[in-house]
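Quick note on our numbering: the sequence shown kicks off at 27 and runs consecutively.
Each residue gets a CB set at the ideal place from its N, CA and C atoms; glycine is no exception.
Source: prediction; values computed, not measured.
See below for the structure under consideration.
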Amino acid sequence: MNQITLTRPDDWHLHFRDDQFLLETVPATARCFGRAIVMPNLVPPVVNAEQALAYRQRIQQATPKGSPFTPLMTLYLTNQTSAEDIIEAKQAGIPAAKLYPAGATTNSDAAVKGIEALYPVFETMSEQGMLLLIHGEVTDAHIDIFDREKAFIDTHLRQIHQRFPELKIVFEHITTADAADFVLDASDTMAATITPQHLMYNRNDLLVGGIRPHNYCLPVLKRNTHQQRLRDVVASGSNKFFLGTDSAPHAKHTKENACGCAGCYSAWSAIELYAQIFDDLGALDKLEGFAAHYGADYYGVARNKDTITLRNEPWTVPEMIDLPQGGQIVPFYAGQELQWKLA
Ligand code: DOR
Ligand code: ZN
27 MNQITLTRPD DWHLHFRDDQ FLLETVPATA RCFGRAIVMP NLVPPVVNAE
77 QALAYRQRIQ QATPKGSPFT PLMTLYLTNQ TSAEDIIEAK QAGIPAAKLY
127 PAGATTNSDA AVKGIEALYP VFETMSEQGM LLLIHGEVTD AHIDIFDREK
177 AFIDTHLRQI HQRFPELKIV FEHITTADAA DFVLDASDTM AATITPQHLM
227 YNRNDLLVGG IRPHNYCLPV LKRNTHQQRL RDVVASGSNK FFLGTDSAPH
277 AKHTKENACG CAGCYSAWSA IELYAQIFDD LGALDKLEGF AAHYGADYYG
327 VARNKDTITL RNEPWTVPEM IDLPQGGQIV PFYAGQELQW KLA
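Structure below.
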């Protein structure tokens, strides 16, 4: 096959950051995605409709002229989030709110301590039809980092889903067989995003032969049996799993550091990475559903009307990206070859 044409895809999970970073990150995503769910973990975080709309405007200013790209905004839940915050946000067209357990990841210090305290907010979200996006990891010091996703299912997620069966929940960037099976067994109000790095890599790619900081993200890469389960569920064509890159830029020096930041910046090669994965799985026919249909269907919005085309034309991901404000980013999969290229 020399080329494939798909409904224009959407990215249901990414990080644009703010200010000067937007000049780099927004064009990268607008290159091929119709919409993107923009995560709210700025410093300080985006906690209400007014802040989300102002942030959206800054993103729109950085969007290349004539691009059909539309950012979809999210609220960052804290222990101070009120029912009014949710109602106002929903009325302002904000489709979702993100739950970060405090300390779980980049810029999550302001986040939620004691998830049960948020149940009244979940109730309002359920009534309003606002989606709950979850970074599903416990943060207890005594829980091993490789077990934190499974522990989150057992201590929180199952209960939240049972208590609020109508609340649409996206279990973000899942990394384990436990998470994949939980989502498959759950009702239709539970779905998940999966990143390219968790489909392509396992923890050997992080740790064997030396630490590779550019493959470090959270939730951390898991063992190969978990990776294989994620590959199996996307190849199966289940509509409960859809594209969310978790593309998350960090300057080179903050990742190549004694205490390196978590995040893989994949935006410039995102759809090509997924195409490679589905091709390797012999499941290219399942790419369009995953990348362009299931997410929109789950969020209850129309699928994009236009298309993109990928050509079978090997190219190499750049070693480095220069930032407009100075400094550099090493992109995910830097210096490696991909078989598919956006036309
Ligand atoms: O690796 C990650 N990076 N995981 C997250 O959950 C957040 C993200 C970021 O914002 O850098
Ligand atoms: Zn993320």
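**Request:** Check whether the Cβ of Met99 lies closer than 7 Å to any heavy atom of the ligand ZN, and answer yes or no.
**Result:** no
task: Just list the beta strand (DSSP E) runs in the stretch 71 to 121, keeping only unbroken ones of 3 residues or longer that don't cross its boundaries, in chain order.
output: 96 to 102
State the start and end residues of the unbroken beta strand (DSSP E) segment that holds Asp37. 37 to 40
Under 8 Å between C-beta atoms of Ala328 and Leu269:
no
Would you say Pro127 and Val164 are within 8 Å of each other, going by their C-beta atoms? yes
Along the chain, where does the alpha helix (DSSP H) containing Asp333 start, and where does it finish? Sequence inspection shows Thr at residue 333; the Asp mentioned does not correspond to that position. Run containing Thr333: none in the alpha helix (DSSP H); it sits in the beta strand (DSSP E), 333 to 342.
query: Thinking just about the alpha-carbon of each residue, which of Val259, Pro344, Tyr102 is nearest to the one in Ile220?
result: Val259
**Message:** Quick check on DSSP: helix, strand or coil for Leu232?
**Reply:** helix
(request) Spatial neighbours of Leu144 within its chain, please: CB distance less than 8 Å, with the 5 preceding and 5 following residues excluded, ordered by chain position. (result) Leu103, Asn105, Thr107, Leu125, Val138
Rounded to whole angstroms, what is the Cα-Cα separation between Leu183 and Lys176? 10 Å
Met205: first and last residue of the uninterrupted alpha helix (DSSP H) it sits in: A quick correction: the sequence has Ala, not Met, at residue 205. Note, Ala205: alpha helix (DSSP H), 203 to 211.
Next on the checklist: Quick check on the DSSP output: what are the complete alpha helix (DSSP H) runs of length 4 or more inside the stretch 130 to 187, in order along the chain?
Outcome noted: 145 to 154, 174 to 178
Notebook entry, point to check: According to DSSP, is Pro239 helix, strand or coil?
Noted result: helix
Exercise for the section: On a CA-only basis, which of Met156, Pro245, Ala136 is nearest Glu110? Give me that one, please. Expected result: Met156
- Message: Beta-carbon distances below 5 Å to any heavy atom of the ligand FMN define the shell here; list its residues in chain order, please.
- Response: As far as ligands go, the structure on display features the ligand DOR and the ligand ZN and does not contain the ligand FMN.
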